[in-house]
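Residue numbers (the numbering used here), protein chains in the order written: chain A, 61 to 392; chain B, 14 to 341.
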């Protein structure tokens, strides 16, 4: 149970990241009768991570629906639900289980508004736990954000804190476009922080300066933000940590402003390196800030290999040591 | 297989029977003129639906205006049965944005190009309407090849589990481009697949418009009264190329095609109506003239439309676009 305390005019609670997701869903279903949640095991079980706990009991089995085990049918069904006036929030149970839904995402979800000449809106939210480090079997560990953000018509956000998990999810649900939210499952229960009660929205497209610094900019999102923060603690240079929060729309100004200040950049993500979102960020910095740079734009990423067996996954995941080594190399 | 050669289904007036004929002629004329327009370079690649008119006109005749139609590209011109201008559909085939209608204006979803991916949309719409307590069912059209797709399975299963008011119409013309039905499935009939979803599956002669209508009417009635979805398999034979870019001589038996063309559905219905004394040569002529005029007006209007503004590259990509989509 949450402990609510009042700070100033609004109540806040100390919540874990997954509790904040749950809080956002309760708030948004309460706020808008058109919002419904659907997915595998979201109703009776309340979600395999309990993200949807209590929704079925509170809002009924028509607004928190256990669907057949079929990710493409689930997302395709959501397209039809939009046509009938609903705002579906679709849970993909795990990152890598979402791949069948890419068929619907690419062929329809990202295109249907455009296909109707702007006449119909498809305000679908897809949310899924993503990322590694959780000692799980194969295909419970992927970081598929690049597939999604590469798809026109789609917006993508990734929180790293409980308050952002609530606020970005609320923004996604209220957004008129399809939005995909990746939730860092590694920190579902270890990221803990104050979350405003009731209506709370963090606008898409605004980065967060997680830590101010002056010598080097670490750019990350999701579970890599705390890794960068720990690296910043360990290093004796002044690190600015930018949590970009939203991959599209992207807060280019925040990244460029930080690069202008520090002149050095390390981009960190768990997804494989080639054509990962870090490549897009590096290209942006090369195009718009090359004269601010005092060294190469570096990336610390997963490797271009299948996500490994969990007994050796620590060798895959970007670590404080790898991030620190990259930062130090910029000062050699 | 149900056939209605010898009887007229209950509930259809003489006027209904003639309206059904008018719609078939409209579709046939659209298709035949489109092939000419394509050869004249006035429209792009075009998916021919010659001899599919009985299925399209028959099944949709069972619908009310607030029911939704989910067409594949084979049913591109199905809007004609609801009065959509031929110009709109011709523009779609001309690659002009004026061809992309608002589905809510017609209760007709956009033409779906990838195979079977609209089947879950129909399931979702039907389910969503039911959840809202609103009237309206969904009817989706797809081909025999579509029944091999995962999206078909996932969509029909979703509709069945949710007891959604949906009708799934499989246009089994026995060819998926060059792949014959026996290379597509080992099932004896496609209607048999309904068993796996716990819903009724019926098989009708796809060249018999009244048989198709009858099957659709029963399915629509079942959907409206809470009986859930139905799978209809309308069997016929593709007696034309898959599309203008296809040359079926490499894979099809031309003698069989000629046989099938001789049994085509519009002429067959025309004979039925004539022998019942409902249709005169003058009426036939009038209906054909109306359809041809409509096509002439349609292509003229389409060609009179100014070229699309390249600005449309960006408009409607998002409702609320990210700032950088114009950077190329």
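For glycine and all other residues, C-beta sits at the position ideal for the given N, C-alpha and C. Computed from a predicted structure; not experimentally measured.
*By the criterion of Cβ-Cβ separation under 9 Å, what are the contact partners of residue 256 (chain A) in chain B?*
The premise fails here: residue 256 (chain A) is roughly 23 Å from chain B at the closest Cβ pair, so nothing lies under 9 Å.
*Who does residue 248 (chain B) pair with in a DSSP beta bridge?*
Beta-bridge pairing links residue 248 (chain B) to B:185 and B:218.
*Just confirm the distance between the C-beta atoms of residue 210 (chain B) and residue 173 (chain B), as a whole number of angstroms; I'd bet it's less than 8 Å.*
Contact flag correct, Cβ pair sits at about 4 Å.
*Which one of A:288, A:93 and A:217 has the shortest CA to CA distance from residue 383 (chain A)?*
Among A:288, A:93 and A:217, the Cα nearest to that of residue 383 (chain A) is on A:288.
*Using the rule of at least 16 other Cβ atoms within 10 Å of the residue's Cβ for burial, across every protein chain shown, is residue 91 (chain A) buried or exposed?*
Exposed, because fewer than 16 other Cβ atoms sit within 10 Å of the Cβ of residue 91 (chain A).
*Would you kindly work out how many angstroms separate the C-alpha atoms of residue 72 (chain B) and residue 228 (chain B), rounded to a whole number?*
Going from the Cα of residue 72 (chain B) to the Cα of residue 228 (chain B) covers about 8 Å.
*asked:* Beta carbons nearer than 7 Å to chain B: which residues of the stretch 138-151 of chain A have them?
replied: Along the stretch 138-151 of chain A, the positions whose C-beta sits under 7 Å from a C-beta of chain B are 138, 139, 140, 141, 143, 144, 145 and 146, read in chain order.
*How big is the Cα-Cα spacing for residue 184 (chain A) and residue 156 (chain A)?*
Going by the C-alpha atoms only, they are around 19 Å apart.
*Relative to the C-alpha of residue 230 (chain A), which residue among A:254, A:259 and A:205 is closest?*
The residue from A:254, A:259 and A:205 with its alpha-carbon nearest to that of residue 230 (chain A) is A:259.
_Classification of residue 337 (chain A) by the beta-carbon crowding that lies within 10 angstroms, buried from 16 upward_ = Burial of residue 337 (chain A) is indicated by the presence of at least 16 other C-beta atoms within 10 angstroms of its C-beta.
*Under 9 Å Cβ-Cβ, which residues of chain B neighbour residue 173 (chain A)?*
Result: 329, 330, 331 and 332.
_Uninterrupted beta strand (DSSP E) stretches inside the stretch 21-104 of chain B (no shorter than 3 residues)_ = Restricted to the stretch 21-104 of chain B, the beta strand (DSSP E) segments that are unbroken, complete and at least 3 residues in length are 81-83, listed in chain order.
*Beta carbon of residue 104 (chain B), beta carbon of residue 310 (chain B): below 7 Å?*
Their beta carbons are not under 7 Å apart, which means residue 104 (chain B) does not touch residue 310 (chain B) by this criterion.
*Show which residues of chain B have a CB atom less than 7 Å away from the CB atom of residue 213 (chain A).*
Simply 330 and 331.
_Paired residues, beta bridge with residue 308 (chain A) - DSSP_ = Residue pairing of residue 308 (chain A) in beta bridges, as defined by DSSP: A:216.
_Applying the 10 Å Cβ sphere with the 16-neighbour rule, what's the burial state of residue 157 (chain B)?_
It is buried - the Cβ of residue 157 (chain B) has at least 16 other Cβ atoms within 10 Å.
_Rounded straight-line distance, which links the Cα of residue 250 (chain B) to that of residue 278 (chain B)_ = When rounded, the distance between both Cα atoms is 11 Å.
_chain B contacts made by the stretch 175-207 of chain A, where a contact means CB separation under 7 Å_ = Look at the stretch 175-207 of chain A: the residues with a C-beta under 7 Å from a C-beta of chain B are 175, 176, 177, 178, 179, 180 and 181.
*Using a Cβ cut-off of 9 Å, pull out every chain A residue sitting near residue 117 (chain B), in sequence order please.*
Chain A residues near residue 117 (chain B): 143, 176, 179 and 180.
*Find the nearest neighbour of residue 296 (chain A) within the set A:269, A:106, A:247 and A:276, judged by alpha-carbon distance.*
Nearest to residue 296 (chain A) by alpha-carbon distance, out of A:269, A:106, A:247 and A:276, is A:276.
*Best match in B:322, B:308, B:262 and B:121 for proximity to residue 150 (chain B) [C-alpha to C-alpha]*: The shortest Cα separation from residue 150 (chain B) among B:322, B:308, B:262 and B:121 belongs to B:121.
_Judging by CA-CA distance, which residue of B:68, B:100 and B:58 is the nearest neighbour of residue 305 (chain B)?_
When B:68, B:100 and B:58 are compared, the shortest CA-CA separation from residue 305 (chain B) is found for B:100.
*So is residue 15 (chain B) in contact with chain A if we call contact Cβ pairs under 7 Å?*
Residue confidence is low: residue 15 (chain B) scores 46 on pLDDT, short of 50, so the model does not pin down where it sits. Its coordinate-derived value is still stated next. Answer no: the Cβ-Cβ gap between residue 15 (chain B) and chain A never drops below 7 Å.
*Leaving out five residues before and five after residue 85 (chain B) in sequence, what residues of the same chain have Cβ atoms less than 6 Å from its Cβ?*
Taken in chain order, the residues that qualify are 125, 154 and 155.
*Quick one, are the C-beta atoms of residue 273 (chain A) and residue 214 (chain A) less than 7 Å apart?*
No; because the gap between Cβ atoms is not below 7 Å, this pair is not in contact.
_By alpha-carbon positions, which one of A:135, A:290 and A:198 ends up nearest to residue 182 (chain A)?_
That would be A:135, whose Cα lies nearest to the Cα of residue 182 (chain A).
*Using a Cβ-Cβ distance under 7 Å, would residue 120 (chain B) count as near chain A?*
Not flagged as an interface residue toward chain A: residue 120 (chain B), since no C-beta distance is shorter than 7 Å.
*Taking the alpha-carbon positions, what's the residue 51 (chain B) to residue 110 (chain A) distance?*
Distance between the alpha carbons of residue 51 (chain B) and residue 110 (chain A): 56 Å.
*Just to confirm, are residue 111 (chain B) and residue 159 (chain B) a CB contact at a threshold of 7 Å?*
It is not a contact, given that the beta carbons lie outside the stated cut-off.
*Could you name the residues of the same chain whose beta carbon sits closer than 6 Å to that of residue 293 (chain B), not counting the 5 residues immediately before and after it, in chain order?*
Within the same chain, residue 293 (chain B) has no close Cβ partners at all.
*Rounded straight-line distance, which links the Cα of residue 313 (chain A) to that of residue 77 (chain A)*: Rounded to the nearest whole angstrom, the C-alpha separation of residue 77 (chain A) and residue 313 (chain A) is 27 Å.
*CA-to-CA distance, residue 230 (chain B) to residue 335 (chain B), given in whole angstroms*: Spanning the two alpha carbons is a distance of roughly 47 Å.
*Taking a cut of 7 Å between CB atoms, which residues from the stretch 152-182 of chain B lie near chain A?*
Interface annotation for the stretch 152-182 of chain B against chain A: 163, 164, 167, 168, 170, 171 and 174, criterion Cβ-Cβ distance under 7 Å.
*Roughly how many whole angstroms lie between the Cα atoms of residue 262 (chain A) and residue 97 (chain A)?*
Taking the straight line from one Cα to the other gives about 20 Å.
*Do you know whose CA, among A:386, A:103 and A:223, lies nearest residue 71 (chain A)'s CA?*
Out of A:386, A:103 and A:223, A:223 has the C-alpha closest to the C-alpha of residue 71 (chain A).
*Kindly indicate if chain A contains any beta-carbon less than 7 Å away from that of residue 113 (chain B).*
Residue-level contact by beta carbon holds for residue 113 (chain B) and chain A, with a gap shorter than 7 Å.
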